[in-house]
Every structure is written in structure tokens, then in C-alpha cells.
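So in UniProt numbering, the last spot in the sequence shown is 348, and the numbers never skip. Each residue gets a CB set at the ideal place from its N, CA and C atoms; glycine is no exception.
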Amino acid sequence: MDEARLNAFMGKLVNDMGGAAMLANVIVGEELGLYRAMADSQPITPQALAEKTTCNPRLVREWLSAHAASGYMEHHDGQFRLPEEQALALAVEDSPVYVAGGLGVVASFFHDKDKLVKAMRGNGALPWGDHHPCMFSGTERFFRPGYKGHLIAEWLPALDGVVAKLEDGAKVADIGCGHGASTVIMAQAFPNSRFVGFDYHAPSITVATQRAEEGGVSSRAKFFQNTAKSYPGGDYDLICYFDCLHDMGDPVGAARHAYESLKDDGTVLLVEPFANDTLDDNINPVGRLFYAASTFICTPNSLSQEVGLGLGAQAGEMRLRKVFAEAGFKHFRRATQTPFNLILEARK
Numbered sequence: 001m002d003e004a005r006l007n008a009f010m011g012k013l014v015n016d017m018g019g020a021a022m023l024a025n026v027i028v029g030e031e032l033g034l035y036r037a038m039a040d041s042q043p044i045t046p047q048a049l050a051e052k053t054t055c056n057p058r059l060v061r062e063w064l065s066a067h068a069a070s071g072y073m074e075h076h077d078g079q080f081r082l083p084e085e086q087a088l089a090l091a092v093e094d095s096p097v098y099v100a101g102g103l104g105v106v107a108s109f110f111h112d113k114d115k116l117v118k119a120m121r122g123n124g125a126l127p128w129g130d131h132h133p134c135m136f137s138g139t140e141r142f143f144r145p146g147y148k149g150h151l152i153a154e155w156l157p158a159l160d161g162v163v164a165k166l167e168d169g170a171k172v173a174d175i176g177c178g179h180g181a182s183t184v185i186m187a188q189a190f191p192n193s194r195f196v197g198f199d200y201h202a203p204s205i206t207v208a209t210q211r212a213e214e215g216g217v218s219s220r221a222k223f224f225q226n227t228a229k230s231y232p233g234g235d236y237d238l239i240c241y242f243d244c245l246h247d248m249g250d251p252v253g254a255a256r257h258a259y260e261s262l263k264d265d266g267t268v269l270l271v272e273p274f275a276n277d278t279l280d281d282n283i284n285p286v287g288r289l290f291y292a293a294s295t296f297i298c299t300p301n302s303l304s305q306e307v308g309l310g311l312g313a314q315a316g317e318m319r320l321r322k323v324f325a326e327a328g329f330k331h332f333r334r335a336t337q338t339p340f341n342l343i344l345e346a347r348k
């Protein structure tokens, strides 16, 4: 046994244990409004923060101390400060890097642990709808900042001729729309176009309809319960898949239905988690996050459906290209990317 190697691994494991414990503290802080109360970047005492948020002062002090020990906050002479950079991730919900609200996804892993154990000992199936409710709200809040920051400004302009169509008035389908964050963002940006979101999860359709009303686009953004292979319509200018195709049991069948539902000059926008084509090339912090999430969410959901292809969240561009080629698409390219996303375009 290599004792140095053992010690190095134990150090990594303790660091990961601390990280997992801190994420639980982040979830608590987000729910209680503690970060928002510190968003002005001014130093504050535990007592003052407790009074400001009507929380227990002793627990607030412990919570703040954990943040200082983790490097999430600064500490000096009994006062704590949330720097502007950390506030963008933890307190400012309109920030493109806001993550605190999306950590309900991580919480769901622990709520759903027994379900995953059962799936691993069985056929691998854990349907999306069987997850804890914090999965659904967490997923919406995890992806929405990125969509708000990139979809209109970068992703759609990277597609050939799509923005002009949307400005003139296009018909758009958002498949696997969830709570409708992407659909509503597009509808707000392009008032001449019409949008329809489809998802097989009925409770998500209810929430998406509410989000459209709240966003002032309910007359132009409608939501319906349908699967990716059964939604109606045959004249779409744009069909979108936002972080969902790899979760489907039959992504080839879904892509084939999109092929049949598009206009001849229509476009598919495929947004997928960033991944290289091999495991060795995905051994990095992003790959680590997405493989772990895929174990709990993406792959067992796919295995719960017909075909059960099980692409997983790290399928990569080469595998996704093959899916669309099998579905009949002749043109497939990487339009752009972010550190967390591949933005892919498919055309007939």
C-alpha cells in the first residue's frame, strides 16, 4: 500500500464531504434569504444578520462560520462579508451564474437515494416523475439563469437564419419543456412568433402555463402534455430540445418525429450538457458533475422508457450526431458552446 496515495485520497474525500455538507448549507441559506440579506457586500455580524432575517443568531453564526471555513465568505474581527463575486452565484437570481436556487436538484439525490438503489438492483428504471418535488423546481432554477444569459444573445444567433424567422414570425416547438423557462424567454424576446411547449410530465405543464401567465406571454406560449414522439404539428420553423434529449428512452425516435414535424427549411436547436466524446476526455470538474447527475436522473429516466437507449448526460457530439443521422437529418453541426453546454444545429 502507498501511504502517501492513501493520505492524498483521504484528503480529497474529506474535501468532498465538506463540499456536500456546504451544499446543504447553501440550500438553507437560499431558502432563508440569508444571501440576499448580504448581497450589498457590506460586513455584518451574526447578530445583525439574524435580526435582519428573523433567524436564530446562534445558528446564523455557525452557518456563517461554515462559509468562512469554506472560502465562500470573508471573515474579519467578528464580521462576515459576502463578496460581489460570490453574491452573483448565491444571491443575485438574475445573474447568469446564479446557482443557489438550482441546488434543489442535489437535494433530490438524497431524498431519492432509496429509489436509485432499487433501480440499480433492478432494471435501472427511475422515471422523471418519481423524483422528489425539489427536483422539478431545482431543475427550473438551475437552467434558467443560463438560458436567460445565453439563449437570445448567443445561441439563437449562432443558428443559420433562425433569428430573422423569429423576428418575422415563426412557429416554434419546445420539446421536454419542463416548467417552460426556455419557452417563456423566447416568447418574450420574439413577440411576432408563436411557441408551444410539450412535456410528458403533467405537473410541469401546469407550472409552465403559470410561468407564461406571469411572464405576460400566455397568448403566444401554450403548453400541452405530449411525448417527444407524439406531439402534433407538421410545420414548425424551429424545434428545440433544451437539456432533455439524452434523458429520453428513444432519442432517435424523437429526432425522427422532429424531422417529420419540421418545415423543409426548418431547424432543430439541440442544447446538451458539454461533453467530449470519451470518458478520458471528460475527467474534469464538469464531467464529474454531469456523470454524477446522470446516474440519478438522466440514465435511469431513459431506462424507464421504451427502447431505453440510455445516452446519459455525457453522450458527446459524436454520439448525438449519430442519433440525428439515424433519424434522417443530413446536416448537423456545433453552432457554439459554453463551458457547460453544447449548442448543436440539425437541418434536413
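Notebook entry, point to check: Under the rule that 16 or more other beta-carbon atoms within 10 Å means buried, what is I239, buried or exposed?
Noted result: Within the sequence shown, numbered from 1, the residue matching residue 239 stands at position 239. Buried is the call here.
Note to self: Using a Cβ-Cβ cutoff of less than 7 Å, which residues in the same chain neighbour S182 once the five nearest sequence positions on both sides are dropped?
What the structure shows: As a working mapping, residue 182 is identified with position 182 in the sequence shown. Answer for S182: Y147, L151, D174, C240 and F242, listed in chain order.
Next item on the list: Assign E214 to buried or exposed, taking buried as 16 or more other Cβ atoms, counted over all protein chains shown, within 10 Å of its Cβ.
Entry: Start at 1 with the first residue of the sequence shown, and residue 214 comes out as number 214. Classification of E214: exposed, given that the 10 Å Cβ count is below 16.
Check: Looking at C-alpha atoms only, which residue of L262, E3, A100 and E317 is the closest neighbour of P273?
Finding: Counted from its first residue, the sequence shown places residue 273 at position 273. Among L262, E3, A100 and E317, the Cα nearest to that of P273 is on E317.
Notebook entry, point to check: For G104 versus C55, is the C-beta distance shorter than 9 Å?
Noted result: Counted from its first residue, the sequence shown places residue 104 at position 104. Counted from its first residue, the sequence shown places residue 55 at position 55. No. Outside cutoff.
Note to self: As a quick exercise: from R194, V97 and R144, pick the residue whose alpha carbon is nearest that of H179.
What the structure shows: One-based indexing of the sequence shown puts residue 179 at position 179. The residue with the shortest Cα to Cα distance from H179 is R144.
Check: If you follow the beta strand (DSSP E) that V172 is part of, which residue opens it and which one closes it?
Finding: Counted from its first residue, the sequence shown places residue 172 at position 172. K171 to I175 is the extent of the beta strand (DSSP E) around V172.
Check: Whole-angstrom Cβ separation of V82 and M73, contact assumed at under 8 Å?
Finding: On the sequence shown, position 82 is the one that residue 82 refers to. On the sequence shown, position 73 is the one that residue 73 refers to. It is Leu, not Val, that sits at residue 82 in the sequence shown. Yes, they are in contact, since the Cβ atoms of L82 and M73 sit about 5 Å apart, within 8 Å.
Margin query: Assuming the contact rule is C-beta atoms closer than 8 Å, I27 and A107 should be a hit. Round their C-beta distance to whole Å, please.
Written below: Taking the first residue of the sequence shown as 1, we reach residue 27 at position 27. Taking the first residue of the sequence shown as 1, we reach residue 107 at position 107. Right, the Cβ-Cβ distance comes to about 6 Å (below 8 Å), so this counts as a contact.
Checklist line | Straight-line gap, S218 to P203 (C-alpha atoms, nearest Å) | finding: To locate residue 218, count along the sequence shown from 1; it is residue 218. To locate residue 203, count along the sequence shown from 1; it is residue 203. Those two C-alpha atoms are separated by around 17 Å.
Notebook entry, point to check: Counting pairs of beta carbons, one from the stretch 124-131 and one from the stretch 93-104, are three or more of them closer than 8 Å?
Noted result: no
Checklist line | Reference E345, options L289, S302 and G161, closest by Cα | finding: Along the sequence shown, one-based indexing puts residue 345 at 345. Selected option, being the one with the closest Cα: G161.
Notebook entry, point to check: Secondary structure at P46, three-state DSSP: helix, strand or coil?
Noted result: Taking the sequence shown and counting its residues from 1, one reaches residue 46 at position 46. Helix at P46.
Note to self: Between the stretch 296-313 and the stretch 243-257, can you find at least three pairs of beta-carbon atoms closer than 8 Å?
What the structure shows: yes
Note to self: Using the three-state DSSP reduction, which class does H150 fall into: helix, strand or coil?
What the structure shows: Along the sequence shown, read from residue 1 onward, the residue named residue 150 stands at position 150. H150 falls in the helix class under three-state DSSP.
Check: Quick one: Cα of H124 to Cα of F136, how far?
Finding: Position 124 of the sequence shown holds residue 124. Position 136 of the sequence shown holds residue 136. Sequence check: residue 124 is Gly here, not His. Approximately 21 Å between the Cα atoms of the pair.
Item checked: alpha helix (DSSP H) runs contained entirely in the stretch 223-305, provided each spans 4 or more residues -> 251-261, 285-296 and 298-303
Note to self: Buried or exposed, going by whether 16 or more other CB atoms sit within 10 Å of the CB of D112?
What the structure shows: Numbered from its first residue, the sequence shown carries residue 112 at position 112. Burial call: buried.
Note to self: Looking only at its chain, what residues have a beta carbon closer than 6 Å to the beta carbon of G197, apart from the 5 residues adjacent to it on each side?
What the structure shows: Numbered from its first residue, the sequence shown carries residue 197 at position 197. Around G197: D174, C177, G180, T183, A208 and F223.
Item checked: E93 versus G33, G122, H257 and I297, residue with shortest Cα-Cα distance -> Working through the sequence shown from its first residue, we reach residue 93 at position 93. Checked all of G33, G122, H257 and I297; the closest Cα to E93 is G33.
Notebook entry, point to check: How is the beta strand (DSSP E) around F198 delimited, first residue to last?
Noted result: For the purposes of this step, residue 198 is identified with residue 198 of the sequence shown, where counting begins at 1. F198 -> beta strand (DSSP E) spans R194 to D199.
Next item on the list: Could you tell me which uninterrupted alpha helix (DSSP H) segments, each at least 4 residues in length, are contained entirely in the stretch 83-133, listed from first to last along the chain?
Entry: 84-90, 104-111 and 113-120
Margin query: Going by DSSP in three states, N341 sits in which element: helix, strand or coil?
Written below: Numbered from 1 along the sequence shown, position 341 holds the residue referred to as residue 341. It is a strand residue.
Notebook entry, point to check: Per DSSP, P79 forms a beta bridge with which residues?
Noted result: In the sequence shown, counting from the first residue as 1, residue 79 sits at position 79. The amino acid at residue 79 is misidentified as Pro; the sequence shows Gln. Answer is H76, bridged to Q79.
Item checked: Alpha-carbon spacing of N25 relative to R61, whole angstroms -> What you label residue 25 is simply residue 25 of the sequence shown in a count that begins at 1. What you label residue 61 is simply residue 61 of the sequence shown in a count that begins at 1. In a straight line, the C-alpha of N25 is about 12 Å away from that of R61.
Check: What does DSSP give as the partner residues of H331 in its beta bridges?
Finding: Your numbering for residue 331 matches position 331 in the sequence shown. Note: H331 sits in a beta bridge opposite R347.
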